[in-house]
Amino acid sequence: MSTSSLLKRKLRSILTILGVVIGIASIVTMVSLGLGMQKLQLEQIEQYGGLTSITVMPDQADVVTSSSHLIDDDTIETFSNLEHVELVSPVLTSSAVLLCGKYRDDLYQLYGYSLEGLKALNYKFSKGELPHKGDSLKFIYGNQLLYDFVDAHTHQGYYETGKLPDIDLMNDTIFTVFDSENYNESTASSSYEPDSEASSEESESSSSTKTPVKKYIIPAAGILYGEGEDDWYEYSYSVYCDIEALKSTLKRVYRNRAIPGQPTRKNGKPYKKWYYTNAYVKVTDIKYVSEVQKEIKDMGFDASSNSEWIQQTQESSRSLAAMLGGIGAVSMLVAAIGIANTMMMSIYERTKEIGVMKVLGCELRDIQALFLFEAASIGLIGGIIGNALSFLVAFAINKVSGEQTCYITGWLVFAGLAFAVIVGVLAGYFPSKRAMNLSPLAAIRND
58 MSTSSLLKRK LRSILTILGV VIGIASIVTM VSLGLGMQKL QLEQIEQYGG
108 LTSITVMPDQ ADVVTSSSHL IDDDTIETFS NLEHVELVSP VLTSSAVLLC
158 GKYRDDLYQL YGYSLEGLKA LNYKFSKGEL PHKGDSLKFI YGNQLLYDFV
208 DAHTHQGYYE TGKLPDIDLM NDTIFTVFDS ENYNESTASS SYEPDSEASS
258 EESESSSSTK TPVKKYIIPA AGILYGEGED DWYEYSYSVY CDIEALKSTL
308 KRVYRNRAIP GQPTRKNGKP YKKWYYTNAY VKVTDIKYVS EVQKEIKDMG
358 FDASSNSEWI QQTQESSRSL AAMLGGIGAV SMLVAAIGIA NTMMMSIYER
408 TKEIGVMKVL GCELRDIQAL FLFEAASIGL IGGIIGNALS FLVAFAINKV
458 SGEQTCYITG WLVFAGLAFA VIVGVLAGYF PSKRAMNLSP LAAIRND
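As numbered in the working numbering, residues 58 to 504 make up the sequence shown, in order.
See below:
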């Protein structure tokens with residue numbers, strides 16, 4: 058009977074349903090804009106170090122004078138045993154000079170991670186892959202490292218000339234000087250001759266120092282993903298490698314000498330064990346990041362993460378989504394008034410029919426359910442079409458913007474549909490109560 062009533066008044070039903078369609082499409086699209094912005098912000102945070110990662114630094118006051126509150130293998134083990142910690146990797150930072158033909162790069166962001174840590178970073182490769190266990194030292198280059206190379210004679214690079222050096226990081230021979238301090242001293246007092254120096258793997262420095270400066274050929278394991286100068290990531294200007302291979306190489310380079318960055322005793326001699334620049338801690342879930350971070354701080358270490366940034370981002374995104382949803386809800390309010398108006402008109406037109414049903418003994422609740430079902434049907438049909446329309450609008454916005462500005466989730470579709478039905482039922486409730494309260498005799502006499 059409800060379906061038949063809706064079909065008899067096609068134009069009125071279509072116009073009422075159209076109001077619901079516009080209301081639901083507005084709400085879903087507006088909320089999806091807020092969700093899309095939140096998703097884009099979280100992806101950006103991911104590029105700055107991850108959502109579930111914590112960077113642990115030693116107590117800076119003790120770095121040079123003693124070994125207390127520094128990060129060593131025992132500290133790494135302690136972090137690994139904390140609850141909710143999935144993985145811990147020591148991080149060793151070093152510097153080097155990269156040489157290829159006439160080009161040079163003073164590299165200050167050489168990071169050694171454990172192989173498990175490199176894998177946990179989840180970086181994408183445009184070429185190559187991660188090193189394997191047991192491999193000799195191999196470098197993973199950031200996607201924009203070439204922008205840092207300069208002509209050793211003119212000291213000009215891409216940012217001065219607008220041209221990238223003709224270097225193939227994967228296949229060209231690139232010499233690495235780890236003892237950059239002595240190398241810079243030697244080159245400062247003599248002219249740089251790239252052709253003669255590039256012809257052998259190692260050479261001696263000038264007579265101003267007795268320590269020979271060696272060059273090493275370090276093969277490339279891979280190049281991280283990125284396209285062009287604007288495609289920047291947290292790793293873009295860095296070089297990564299296996300920490301064990303890096304430690305072995307640095308021991309050879311600085312044999313019987315203190316390795317730069319490693320703490321020394323009061324007499325200047327280095328400690329026998331390694332101390333790391335920082336530790337990379339990966340937590341099982343984002344909700345435990347703050348808890349683990351506090352535990353590490355209580356041990357006397359500096360610990361930083363993106364948790365505060367994430368929390369602020371989520372709060373602002375929720376507020377934005379609520380505000381946009383409220384704007385869309387205004388359209389749904391107008392649609393609810395339209396449903397109520399349609400139901401009232403239907404009752405006026407069917408007064409005699411209602412009176413006949415009452416005289417025949419129809420339950421009052423059945424009469425109410427008849428009109429509630431009509432109102433719910435309008436909401437359901439409008440909700441389905443409104444969701445479909447919101448997908449089309451979101452697709453168009455994403456296509457124009459070039460990124461996922463609108464993000465429609467499954468729960469959002471379901472919530473929009475449920476909201477449309479609930480609004481329909483609520484809008485039809487008072488008209489249905491009026492139908493219940495009609496006097497049977499008065500209704501039958503009605504013309």
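Where a beta carbon is used, it is the ideal one built from N, C-alpha and C, also for glycine.
Note that this is a predicted model, so its numbers are computed, not measured.
Check	Outcome
What does the Cβ neighbour count give for residue 467, buried or exposed, with the cut at 16 atoms within 10 Å?	exposed
Does residue 112 come out as helix, strand or coil in the three-state DSSP assignment?	strand
Answer yes or no: do residue 169 and residue 300 have a C-beta to C-beta separation smaller than 9 Å?	yes
Taking 7 Å as the limit between beta carbons, can you name the residues of its chain near residue 335, skipping five residues before and five after?	112, 113, 114, 128 and 148
Return the CA-CA distance between residue 292 and residue 460, expressed in angstroms with no decimal places.	22 Å
Considering only residues of the segment 391-431, which uninterrupted alpha helix (DSSP H) runs meet the minimum length of 4 residues and lie entirely inside it, listed in chain order?	408-416
Residue ranges of each alpha helix (DSSP H) run of no fewer than 4 residues wholly in the segment 311-381, ordered along the chain?	346-355
In terms of alpha-carbon separation, which member of 493, 407 and 472 lies closest to residue 424?	493
Rounding to the nearest angstrom, what Cα-Cα distance links residue 444 and residue 476 in this structure?	11 Å
What's the gap between the Cα of residue 329 and the Cα of residue 150?	18 Å
Thinking C-alpha only, which one of 395, 236, 458 and 415 is nearest residue 70?	395
Measuring CA to CA, which of 389, 456, 346 and 431 is closest to residue 562?	This structure leaves residue 562 out entirely; the chain is present only between 58 and 504.
Using CA atoms only, rank isn't needed, just tell me which of 373, 289, 155 and 486 is closest to residue 399.	486
So the beta strand (DSSP E) residue 184 belongs to, where does it begin and stop?	182-185
DSSP three-state label for residue 280, please.	strand
Out of curiosity, what's the CA-to-CA distance linking residue 452 and residue 446?	10 Å
What is the DSSP secondary structure of residue 487, reduced to helix, strand or coil?	helix
By DSSP's criteria, residue 162 is part of a beta bridge. Which residues make up the other side?	155
Would a C-beta distance cut-off of 9 Å place residue 283 and residue 200 closer than the cut-off?	yes
For residue 360 versus residue 350, is the C-beta spacing smaller than 9 Å?	yes
Using DSSP's beta-bridge definition, name the partner residues of residue 169.	149 and 298
Expressed to the nearest angstrom, what Euclidean distance is found between the alpha-carbon atoms of residue 435 and residue 343?	42 Å
Would you check if the distance between the CB atom of residue 358 and the CB atom of residue 116 is smaller than 9 Å?	yes
Three-state secondary structure (DSSP) at residue 130?	helix
What would DSSP say about residue 72, mapped onto helix, strand or coil?	helix
Comparing C-alpha positions only, which one of 478, 131, 414 and 439 sits nearest to residue 496?	414
Can you confirm whether residue 128, when its beta carbon is compared against all beta carbons of chain B, has any partner nearer than 9 Å?	The structure shown has no chain B; it contains just one protein chain.
Bridge partners of residue 197, per DSSP?	279 and 297
Around the Cβ of residue 178, are there at least 16 other Cβ atoms within 10 angstroms (buried) or fewer (exposed)?	buried
How far does the beta strand (DSSP E) with residue 233 in it extend, from its first residue to its last?	232-234
How would you write the range of the alpha helix (DSSP H) that residue 190 sits in, first residue to last?	No alpha helix (DSSP H) holds residue 190; DSSP gives it neither H nor E.
Exposed or buried, residue 205, counting other C-beta atoms within 10 Å across all chains shown (16 or more means buried)?	buried
Note down the Cα distance separating residue 88 from residue 381, rounded to an integer number of angstroms.	6 Å
DSSP on residue 144, reduced to helix/strand/coil?	strand
For residue 287, which of helix, strand or coil comes out of DSSP?	coil
With which residues is residue 208 paired in a DSSP beta bridge?	160
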